[in-house]
Amino acid sequence: MARNMKAAVMRQHGGPEALTVEEVARPVPGAGEVLVKVAACSLSRLDIFIRDGMPGRVIPMPHVGGCDVAGWIEEIGPEVSGVEIGAPVLIDPFWNGEMLGEAYWGGFSEYVAVSAQGLLPLPQAARFVEYSCLPTAYGTAYRMLHTRGRLRAGESLVVVGASGGVGVACVQLGARAGAHVIACTSSEDKAARLRTIGADECVVAPDGQFGKQVWNLTGKQGADVVVDFTGSATWTQSLRSVKHGGRLLCCGATTGFEAHTDLRYLWTREMDIRGSDGWKTEDLRELLGIMAGHEFDPVIHAVFPLSRIQDAMRELEGRTCFGKIVVVPDGVQAA
Numbered sequence: 247m248a249r250n251m252k253a254a255v256m257r258q259h260g261g262p263e264a265l266t267v268e269e270v271a272r273p274v275p276g277a278g279e280v281l282v283k284v285a286a287c288s289l290s291r292l293d294i295f296i297r298d299g300m301p302g303r304v305i306p307m308p309h310v311g312g313c314d315v316a317g318w319i320e321e322i323g324p325e326v327s328g329v330e331i332g333a334p335v336l337i338d339p340f341w342n343g344e345m346l347g348e349a350y351w352g353g354f355s356e357y358v359a360v361s362a363q364g365l366l367p368l369p370q371a372a373r374f375v376e377y378s379c380l381p382t383a384y385g386t387a388y389r390m391l392h393t394r395g396r397l398r399a400g401e402s403l404v405v406v407g408a409s410g411g412v413g414v415a416c417v418q419l420g421a422r423a424g425a426h427v428i429a430c431t432s433s434e435d436k437a438a439r440l441r442t443i444g445a446d447e448c449v450v451a452p453d454g455q456f457g458k459q460v461w462n463l464t465g466k467q468g469a470d471v472v473v474d475f476t477g478s479a480t481w482t483q484s485l486r487s488v489k490h491g492g493r494l495l496c497c498g499a500t501t502g503f504e505a506h507t508d509l510r511y512l513w514t515r516e517m518d519i520r521g522s523d524g525w526k527t528e529d530l531r532e533l534l535g536i537m538a539g540h541e542f543d544p545v546i547h548a549v550f551p552l553s554r555i556q557d558a559m560r561e562l563e564g565r566t567c568f569g570k571i572v573v574v575p576d577g578v579q580a581a
């Protein structure tokens, strides 16, 4: 007998109103898969891109989004070993070259079927809301700063767009690494909050013109490392903020992919421009260990029930949030 679940279903691309919470068939885990009961699913910009529709990417409808999921193993499919029903897990949302919530139905639901290879055991059956924040935001930030950026203690780090999910993660992880963190943001209120999570100095630039302030704060030398995942709107300012021999790191471009590069800055400052693409499973394992030791706690902006998925999306798109927004299935206790 088929069993049902609640899910935020998208039947066509559009705004937040394109997501409606409906009763649909609960997935059945296939070979090599497990069924996870969702405790929490954090939102990311990718969820918006998928909902809006991306050029060249066809999403079969109906679809359920949601990339970053923590929960409990509910059922175990054929050809799976080494896992137990009821075990708390974090899902690595990227496997077989595709993303959960994009190529596969995701975590804006009560249950999700995933590859058993994408499961990471959680050290405790609690803090699911916080654990769900790790993959897309903190995993991306960790790989960019450490694996690709080779950030070292004592270096100066500029984070552009510091109050969003990845930005907040960069501030926290940069401070943990012993860097001198300069956070660029759009308001004094956000700057005050950034100082509480590790920013040594803040640049408030609602117009995006942060370069001159960064230049002055670094003694007119520029920063060792500049993180820019905003793209076309900020790229020129970021180039001007890098010191001689420094690194400019990029993991995305939320305001557009085509950015102007004044090549004079590139060669005269002998800087490196390094791309960083998401995360690897080993990055998530490192983060789980760090978080289990309470060396940092993911910053949560708000938690919404699944029934208010549209409000959660609007909050994220309004760019007023500080940290991560998380959706929890109605009735689930996921603190």
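Just so you know, my numbering puts 538 at position 292 of the sequence shown, and the rest follows in order with no gaps. Note that CB positions come from ideal geometry on N, CA and C, so glycine has one too. Predicted model, so just to flag it, every value in this text is computed and none were measured.
I need the straight-line Cα distance from residue i to residue j, nearest angstrom please.
i	j	result
Asp293	Leu265	11 Å
Ile305	Gly400	45 Å
Ile322	Gly278	8 Å
Phe362	Arg531	Reading off the sequence, residue 362 comes out as Ala, not Phe. Taking the straight line joining both Cα atoms gives about 16 Å.
Val282	Ala538	21 Å
His506	Leu368	43 Å
Glu330	Val404	43 Å
Glu320	Gly332	6 Å
Gly502	Pro324	43 Å
Gly444	Asp435	15 Å
Lys252	Asp314	18 Å
Arg396	Thr500	24 Å
Met247	Pro273	Here Met247 scores only 49 on pLDDT, less than 50, and its place in the model should not be relied on; the value that follows carries that caveat. Whole-angstrom Cα-Cα distance: 12 Å.
Asn250	Val417	41 Å
Ser522	Arg394	6 Å
Ala254	Gly302	24 Å
Pro275	Glu344	18 Å
Cys496	Leu380	19 Å
Thr476	Ala371	35 Å
Give the DSSP-derived three-state secondary structure of residue i in the structure shown.
i	result
Met247	Any reading at Met247 must be qualified, since the residue scores a pLDDT of 49, below 50, and its modelled position is unreliable; the value itself is stated next. Met247 falls in the coil class under three-state DSSP.
Met307	coil
Gly328	coil
His547	strand
Ile294	helix
Val412	helix
Lys526	coil
Val572	strand
Val478	Looking at the sequence itself, residue 478 is Ser, so the reference to Val does not match. Here Ser478 sits in coil by DSSP.
Nearest to residue i by alpha carbon, out of the options?
i	options	result
Leu365	Ser522, Arg373 and Leu346	Leu346
Thr527	Tyr384, Glu320 and Arg272	Tyr384
Ile428	Leu391, Cys448, Glu434 and Ala415	Cys448
Trp461	Ala445, Ser484 and Phe475	Ser484
Val360	Thr442, Arg422, Val326 and Ala538	Val326
Ile519	Gly492, Arg531 and Gly498	Gly492
Arg565	Pro452, Ala415 and Val315	Pro452
Ala548	Gln418, Gly569, His540 and Phe542	Gly569
His490	Gly457, Trp513, Pro308 and Asp529	Trp513
Thr431	Gly424, Arg441 and Asp338	Arg441
Gln459	Tyr511, Ile443 and Arg486	Arg486
Lys466	Met307, Phe295 and Val488	Val488
Gly353	Met390, Cys287 and Gly411	Cys287
Gln455	Val471, Ala469, Thr464 and Ala479	Ala479
Val471	Arg515, Ser553 and Leu509	Arg515
Ser378	Asn342, Arg291 and Asp338	Asp338
Val578	Leu495, Leu494, Pro275 and Tyr357	Tyr357
Asp474	Trp525, Asp529, Gly410 and Arg510	Gly410
Val406	Gly312, Arg389, Leu380 and Ala437	Ala437
Cys567	Glu263, Asp576, Leu495 and Ser433	Ser433
DSSP has residue i in a bridge; who is on the other side?
i	result
Val375	Beta-bridge pairing links Val375 to no other residue.
Phe340	Met345
Ile428	Val404 and Glu447
Lys489	Answer by DSSP bridge pairing: none, since Lys489 is not bridged.
Arg520	Leu495
Glu269	Lys252
Tyr357	Lys283
Trp513	DSSP, once it has assigned bridges, lists no residue as partnering Trp513.
Trp318	Lys283 and Pro334
Ala469	Val488
Pro367	Val335
Ser553	The partner list for Ser553 (beta bridge, DSSP) is empty, contrary to what the question assumes.
Ser433	BP columns for Ser433 are empty, so no partner.
Tyr350	Leu346
Keeping to the same chain, check which residues put their C-beta closer than 7 Å to that of residue i; ignore five residues upstream and five downstream.
i	result
Ala558	Leu289, Phe550, Ile571 and Val573
Ala415	Ala383, Tyr384 and Ala387
Glu504	Ser478
Ordered along the chain, which non-local residues of its own chain (more than five positions away) have a Cβ less than 8 Å from that of residue i?
i	result
His259	Arg297, Asp298, Gly299 and Ile305
Glu376	Met537, Asp543, Pro544 and Ile546
Gly535	none
Arg422	Gly444, Ile536, Glu541 and Phe542
Val267	Lys252, Ala253, Ala254, Val255, Leu552, Ser553 and Ile555
Excluding the five sequence neighbours on either side, which residues of its own chain have a C-beta within less than 6 Å of the C-beta of residue i, listed in chain order?
i	result
His309	Met256
Glu348	Ile296
Gly317	Val282, Lys283, Val284 and Ala285
Thr482	His506
Leu373	Note that residue 373 is Arg in the sequence shown here, rather than Leu. Correct list: empty, nothing qualifies.
Trp525	Gly385, Thr386 and Arg389
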